[in-house]
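This report refers to the structure that appears directly beneath it.
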Amino acid sequence: MIDFGYTINTDRQIDYDANDHRMSHFILSREPSYNLCIGCGSCTATCSAGNFTDFNFRKLHLMIKRGEISEVKTKIQKCMFCGKCLLVCPRGVNTRNLILTINCAIDELKL
Amino acid sequence: MTFDLFVLPFFLGLIFLLVVLGIKYSRWINALPKADILKIRNGIFSRKFFLSIREIFFESLLHRKMFKQNALSGWMHMSFAFGWFMLIVIGNIESRVYSGRHVNPPYYPIFLKFFVHDRKVLPFEIYTVPGFFRFSMDLMLLLILSGLVLAFIKRQHSKWFGYQRKTKQTEFDRFALTALWFIFPLRLLAESFTAGYYLGGGFLTNSLGWVFSCFLPVEYLAYPAWWAYSIALGAFFVTLPYSRYMHIPTEVLLIFLRNFGIKTEKNFNSFSEIEVNSCPRCGICIDTCQLNTSACIHDTQSIYFLRSVRQNEVKQDVAFDCLLCGRCQEICPVGINLNAIRIAKRKDIQTLTPNSYSYLTPNQPPIVDVVYFAGCMTHLTPSIKKAMTEILDVTGVKYSFLDADGTVCCGRPQMMAGKIDAAQQLMDYNKTLIQKSGAKTLVTSCPICYKVFKEDYNLNIQVLHHTQYLWQLMNENKISLKPSEKTVVYHDPCELGRGSGIYEEPRQIIKSIAGLMSTEHEKADALCCGGSLGNVQINSKQRNAIQKDVLDELQKFHPDTIVTACPLCKKTLAKGSEAKVEDIAEFVCKALQPTANKKIRKEQFKSLTKAELIGLAIEKL
Amino acid sequence: MKVEGKRLIWKDYQKEIAEDKFFYVRSCIRQTFFPGSEWAFLKIMKEVLGKDVYENPAHTTCTGIGYHSDIVPFDTTMTVVARQFALMTEAGYQNLVPSCITSFGLYTEVMETWKHFPEEEKKVREYLKKATGREFEVPKNLAHASDIIYKFRKQIAAKGKYRLINKTTGEPLKVVEHIGCHYAKMFPSKGVGGAEYPYVLTGMVEDWGGEVIDYPERRHCCGFGFRQYLVKANRGFSVACSKKKFESMAPYKPDMIITNCPGCPMFLDRWQYVISEMEGKTYGEDGHGIPVFTYEEVAGLILGFDPWDLGLQLHQVPTEPLLNKIGIPYDPFKKYLGKNGEDIGIPIKPSMLNTQ
Amino acid sequence: MNKKVVIIGGGIAGMEASITLAELGYHATLLEKSHSTGGHVQDWYQLFPNRRPAKEVLTFSELRMEGKVKTINDADIIEIEKNINDFRILLRNGKLVVADAIVVATGFDLFDAHRKEEYGYGIYENVITSADLEKRFSEGKKILTHGGAVPKRIGIIHCVGSRDEKSGNNYCSKVCCVTGVKQAIEIREMLPETEVFCFYMDLRMFGRHFEELYKESQEKWGVNFIRGRLSEANENADGSILLKVEDTLAGKPLKMKVDLLILLAGFVPSGGTKAIGKMLGLPFGDDGFITPKDEHTSTNLTDIQGVFVTGSCTGPKSIQDSIADARAAATQVANYLK
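Residue numbers (the working numbering), protein chains in the order written: chain A, 10 to 120; chain B, 39 to 659; chain C, 3 to 358; chain D, 2 to 339.
Rendered as structure tokens:
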């Protein structure tokens with residue numbers, strides 16, 4: 010092995026087929042409204058935790074859908090569960106149950 | 039003769055029951071927290087003790103609450119409980135009188151008529167001692183049988199007894215129930231047959247016995263009947279500890295402990311266990327639950343939840359499918375702490391990753407007399423914020439708007455989800471802020487926040503919901519309001535009403551400036567708007583269904599305004615309401631009399647806090 | 003894959019390529035990367051096809067690298083390009099043949115600019131006049147050297163000694179064709195076969211007996227991209243691009259890669275070594291790597307030129323396995339002998355790539 | 002009143018216009034270049050948003066046409082001559098049709114997906130268009146991959162040939178979005194095991210019940226949506242298609258394998274529209290559709306006396322819009338002729 014003074018960049022691309030979709034399926038089976046998000050971002054805009062951190066529920070939710078779940082566990086901890094997102098969601102996504110279910114998924118799927 | 043083989047089923051059954059109860063109860067009591075055990079020590083033979091006995095008499099025997107709700111159902115329960123109790127009492131005395139012994143084997147009084155049938159009395163002879171006993175014994179039996187008849191009718195027409203839905207019974211409960219139903223008809227038969235042969239009964243058994251004896255070989259039928267009676271009793275006793283009838287003995291224990299001041303708090307402990315076992319599964323909680331009446335959810339109500347707790351198979355979706363509105367708790371005839379138990383269980387079944395709010399670092403808020411905490415929900419109903427700040431400005435009180443730029447949640451939602459640790463972190467943060475502010479009063483606009491500030495923060499300052507604070511300001515003439523012709527209905531928020539017992543202040547305020555109309559469900563009986571954060575399971579359709587029914591009731595008499603005192607209620611109701619929905623703060627703000635010095639005060643106050651803000655931003659405590 | 007579908011598209015992208023009389027301009031970097039290639043091109047044109055190819059030693063860079071690295075402004079570029087045109091005009095030629103893909107793209111860009119903005123051309127003519135006193139005509143025909151080889155691919159095949167066929171199995175060799183980005187991605191109509199499914203190399207491979215494989219990352223850049231490899235800190239990105247392609251083509255088990263750009267063969271060849279030395283990952287059968295060729299080298303091999311004259315010893319990935327497959331004779335001992343037999347020294351053996 | 006009106010184009014708009022005119026008492030003659038009237042609607046399976054069979058709408062029009070409207074199929078117009086107060090329309094078969102007024106209802110063609118080369122239509126077997134899919138649906142064929150397998154995952158690409166300067170069409174074709182959603186639902190209904198992914202830039206659910214259909218597709222049918230335009234489609238060794246898009250909501254490039262790719266081809270002005278427009282000297286917009294006299298107030302009028310336009314020849318329209326527009330055009334004709 011030789012040190013060339015640079016390394017091979019890792020791909021930013023989401024490799025959908027290679028990703029782990031168990032969490033996504035788990036959530037959908039427990040909270041049907043999971044599929045209703047249209048990515049408007051209202052939840053994130055009003056989020057109490059988002060007011061202090063980079064916690065972005067819209068994106069978290071989307072990343073789970075894409076199977077990009079490496080950061081979910083650490084990110085989800087920032088949620089205050091206050092429910093503002095639930096009140097603003099135009100599609101009636103049951104955001105609070107999503108949060109709970111994501112937690113369950115992390116636990117039950119040993120993620 | 040003082041013994042016969044047939045008593046065995048009863049006798050063994052009784053012993054079994056007593057042993058099981060003995061073990062269970064001692065386990066539970068030993069498992070209680072130290073503090074609670076101390077309470078018991080102090081409780082025994084204190085005033086509380088006798089109060090409990092009184093309560094047991096009125097509730098467990100006479101079922102007063104039941105009567106209040108529905109006479110038929112009351113009678114049914116009373117006849118069983120009281121009648122049976124009296125049978126035992128009178129029976130014991132009677133057997134002593136006959137035997138002349140002070141101690142008799144426990145089965146003796148029960149089967150007295152089998153052992154003693156030598157003295158003949160006339161059907162309605164009550165002036166002689168035996169006559170009196172037999173008369174009253176038969177009377178009690180009749181009383182119970184009347185209840186039994188009602189019980190049969192109830193199976194078909196539960197509506198007459200004030201039950202909208204039938205409870206889904208387990209097989210085991212059905213078995214116990216059948217055993218129970220057989221006991222007294224069999225006693226009636228056994229005694230009648232015996233009486234029919236020996237004429238040793240009272241007005242009921244004798245006459246019935248005579249009738250039987252005309253066409254039945256009663257002398258041969260009596261003995262088997264006594265066997266059957268004994269078996270029925272035995273069967274019932276054996277099944278009791280594992281069926282819903284466990285509530286009969288356990289409720290007595292519960293009443294004592296509760297009066298001693300023991301209750302379920304954050305954790306599910308053995309007292310909660312006792313409460314769970316005291317649930318008679320009457321199903322009243324099903325009828326009162328709006329998930330049932332509005333949203334067609336029939337399997338998550340307290341009765342089923344408690345059953346799942348007792349059977350150790352709590353499901354997350356059941357545990358979380360509850361508005362925590364507290365209506366069932368309010369009406370529960372046994373007075374079980376339903377909300378507390380559910381929340382405690384939510385905590386237990388959860389295997390959630392711990393939250394971390396390390397990103398929250400409290401800085402120095404301005405030093406003030408009053409801290410105003412709007413709350414998350416209020417930030418989505420800015421009109422309430424605006425109204426409150428305007429009112430506070432008018433009063434000229436030195437206050438600060440603690441969460442003016444975005445709230446850190448009060449912790450109550452986490453708590454309702456059973457995430458106590460997470461809630462604690464948030465509470466610690468807010469608590470530090472409030473304490474640093476040096477305020478003597480905390481005013482919040484959100485009942486959800488209010489409840490947790492009041493009950494769990496133990497801030498040793500005055501904690502008020504703005505309804506209370508506004509009422510206080512009015513009484514101190516800090517604000518003067520001009521009355522209007524408006525007609526108003528008031529919607530009690532769950533957390534403020536049932537949750538915190540605040541019913542009067544808002545009504546007083548409204549009455550003083552507008553016409554308050556009453557609604558079908560009010561105060562402790564008030565409906566939940568459906569927006570509750572307590573339930574994480576129901577979908578928006580179900581929420582809307584609940585909200586619609588509530589609105590229909592509130593708007594029944596076309597009020598000008600629906601006033602409530604909770605941002606979440608306001609937001610939920612406003613969605614579908616034709617009448618204007620206002621928070622009481624807005625309502626008051628609109629009625630404010632313009633005061634001359636309003637402006638000046640505002641200025642003074644503003645400049646003051648600004649200066650402080652700058653000063654205090656630098657030096658931290 | 004419907005080839006007829008591709009043929010439909012190829013029909014729409016037929017460009018005019020001159021018959022003869024070419025003015026050849028070289029690439030800045032090829033002489034150092036694969037010096038045999040341009041030599042081979044001239045040899046094939048002059049000796050095999052008997053064409054008139056002229057090159058003027060006074061010609062310079064087209065400024066492509068500088069231009070694409072945002073160092074040289076477009077006005078300067080246009081003027082330099084104009085000078086090349088002037089040299090061509092002075093030599094009495096009208097058909098410009100750049101050896102470099104980037105030059106080809108740049109010449110096209112300049113000519114298109116002038117077509118749409120004549121004032122630019124006017125301006126440049128003045129610049130050039132003032133600076134050098136030269137005048138020029140815009141080439142009548144601009145074709146990349148690979149276009150020329152493409153045009154005469156059949157003659158080459160006819161005159162050829164070998165075909166791209168595995169002599170033991172008789173199967174056509176599986177060939178990955180890689181087109182330089184600046185060939186048609188900027189001006190699809192200027193490339194044979196267009197930008198999405200270019201035909202220029204596919205045509206050669208087909209007629210020389212090979213079989214082109216179409217793999218998912220076929221369109222992807224080799225990673226050369228001047229900004230990437232010129233700045234050391236960015237080279238990781240350059241390697242990543244090549245790696246993406248290798249990963250994508252590997253399942254198809256290609257025997258060789260053929261390219262028409264100065265940079266691509268360089269990087270597809272050298273990065274295989276780098277990847278192997280960084281991650282121990284090698285491609286191609288038994289760790290030989292996938293040999294990478296320029297189209298001139300391949301044409302040369304077809305025509306039976308000596309592999310070492312073609313400069314195949316400068317390849318990092320050993321080419322011998324392929325030569326064996328086709329059955330091209332070579333003298334392993336002459337591999338590292340330079341002109342008139344002096345030893346040019348044997349390079350250090352890579353630790354991962356299997357060079358025998 | 003025996004005034005003659007010639008309607009050019011027998012699509013849903015042309016049919017409706019001719020019916021209305023006939024009902025108003027004019028001699029309506031419908032010229033259709035193909036063998037049968039009905040236009041594109043003949044090729045559709047079910048119609049959005051309520052998924053009623055397209056045939057129903059056709060028969061609704063056909064029944065009302067019977068006996069009232071003179072229909073000339075295979076009518077290939079080679080010349081239209083305008084006189085002071087009438088038009089002489091010459092057909093290739095030598096026939097001459099005289100008209101007091103002309104209604105142009107020459108409609109649209111579907112964008113030729115071949116032109117979007119990087120999507121591989123006509124090159125990769127498992128890339129088909131929405132029209133191909135409708136055809137399979139209406140022929141009752143199974144939805145299978147070229148290899149004959151049930152696709153595990155299907156991708157639907159929105160805006161193919163629409164909102165795309167590179168294919169020369171900057172406009173939105175309006176109906177593709179909802180068509181995509183409709184087809185996604187139909188696929189899920191037929192192949193419950195098959196995942197469906199729609200790749201969109203915006204979802205333009207402009208019509209009544211369209212948004213609801215979109216919501217239903219997510220809630221009831223579990224259709225997935227990824228915001229991002231397909232950059233290129235490539236073929237994998239197994240014949241499946243590798244898609245490269247940017248998931249613009251995730252802010253990351255994404256690659257995904259689909260077994261079948263469906264391209265929602267947009268609207269382009271039909272050959273007929275171009276030809277007839279040219280013959281009559283009607284103005285074309287930069288999008289190639291005929292420009293009416295006024296885009297708000299006179300959408301069916303043209304600068305030429307007696308020539309009226311309706312349907313998709315003036316821009317993409319749904320069936321509902323076309324029918325309404327056709328009736329509007331008919332009343333304009335009536336005003337003109339009375």
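Think of the CB as a built atom: it goes at the ideal place given N, C-alpha and C, for glycine as much as any other residue.
Secondary structure of Gly66 (chain C) (DSSP, three-state): helix. Listed along the chain, the chain D residues whose CB falls inside 7 Å of the CB of Tyr25 (chain A) are Leu255, Lys256, Met257.
DSSP, read as helix, strand or coil, puts His503 (chain B) in strand. Under DSSP, Glu620 (chain B) forms a beta bridge with B:Val601. Look at Pro309 (chain C) here: in three-state DSSP terms it is coil, with no helix or strand label.
No Cβ of chain B is located within less than 7 Å of the beta carbon of Cys94 (chain A). For the stretch 95-129 of chain D, the residues whose beta carbon sits under 9 Å from a beta carbon of chain C are, in order, His115, Glu118, Glu119, Gly121, Tyr122, Gly123, Ile124, Tyr125, Glu126. Any Cβ of chain B closer than 7 Å to the Cβ of Gln86 (chain A) would place that residue at the interface, and such an atom is present. Between Lys608 (chain B) and Thr419 (chain B), the gap from beta carbon to beta carbon is short of 7 Å.
Around the beta carbon of Cys252 (chain B), a 10 Å sphere encloses fewer than 16 other beta carbons of the protein chains shown; the residue is thus reported as exposed. Taking the beta carbon of Ile11 (chain C) as reference, the chain D residues within 9 Å of it are His115, Glu118, Gly123, Ile124, listed in sequence order.
When the Cα atoms are used, Leu100 (chain B) and Val588 (chain B) turn out to be separated by approximately 35 Å. Taking a 10 Å sphere around the C-beta of Val177 (chain C), we find 16 or more other C-beta atoms and assign the residue as buried. Of all C-beta pairs linking the stretch 199-209 of chain B to the stretch 139-153 of chain B, fewer than three are shorter than 8 Å, placing the two stretches out of contact. DSSP, read as helix, strand or coil, puts Met258 (chain C) in strand. Between the alpha carbons of Asn225 (chain D) and Val246 (chain D) lies a distance of about 15 Å. Taking 8 Å as the Cβ-Cβ cut-off, the stretch 168-179 of chain D has no residue approaching chain C. Within the DSSP secondary-structure output, Tyr152 (chain C) pairs in no beta bridge.
Counting along the chain, Phe87 (chain C) sits inside the alpha helix (DSSP H) bounded by residues 76-93.
Look at Met284 (chain B) here: in three-state DSSP terms it is helix.
Taking one beta carbon from each stretch, the stretch 275-282 of chain B and the stretch 203-217 of chain B have 3 or more pairs nearer than 8 Å; the two touch. Annotation: Ser196 (chain B) to Trp219 (chain B) spans about 17 Å, alpha carbon to alpha carbon. Listed in chain order, the alpha helix (DSSP H) elements of length 4 or more contained wholly in the stretch 37-112 of chain A are 51-55, 66-75, 81-85, 93-97. The continuous beta strand (DSSP E) containing Asn235 (chain D) extends over residues 233-236. With contacts defined by Cβ atoms closer than 7 Å, Ala29 (chain D) and Val6 (chain D) form a contacting pair. According to the DSSP assignment, Met415 (chain B) belongs to the alpha helix (DSSP H) that extends over 414-417. With at least 16 other beta carbons inside 10 angstroms of its own, Thr284 (chain C) counts as buried. By the C-beta density criterion, Pro392 (chain B) is exposed, having fewer than 16 other C-beta atoms within 10 angstroms. If you compare the alpha carbons of C:Thr63, C:Ile292, C:Arg220, C:Gly286 with that of Tyr26 (chain C), the shortest gap goes to C:Thr63. Boundaries for Ala109 (chain B): no beta strand (DSSP E) harbours it, while the alpha helix (DSSP H) harbouring it runs 109-137, taken from the DSSP string. A distance below 8 Å between beta-carbons, with the five flanking residues on each side excluded, links Val276 (chain C) to the following residues of its chain, in chain order: Val241.
Nearest Cα to Ala562 (chain B) within the set B:Ile551, B:Gly539, B:Ser550: B:Gly539. The stretch 568-580 of chain B makes no contact with the stretch 394-413 of chain B: fewer than 3 CB pairs, one atom from each, lie closer than 8 Å.
About 6 Å separates the beta carbons of Gly10 (chain D) and Gly273 (chain D), which is inside the 8 Å limit, making them a contact pair. In this structure the stretch 288-298 of chain B lies against the stretch 76-92 of chain B, because at least three pairs of beta carbons, one per stretch, are closer than 8 Å. Remark: C-beta atoms of Glu236 (chain D) and Met3 (chain C) approach each other more closely than 7 Å.
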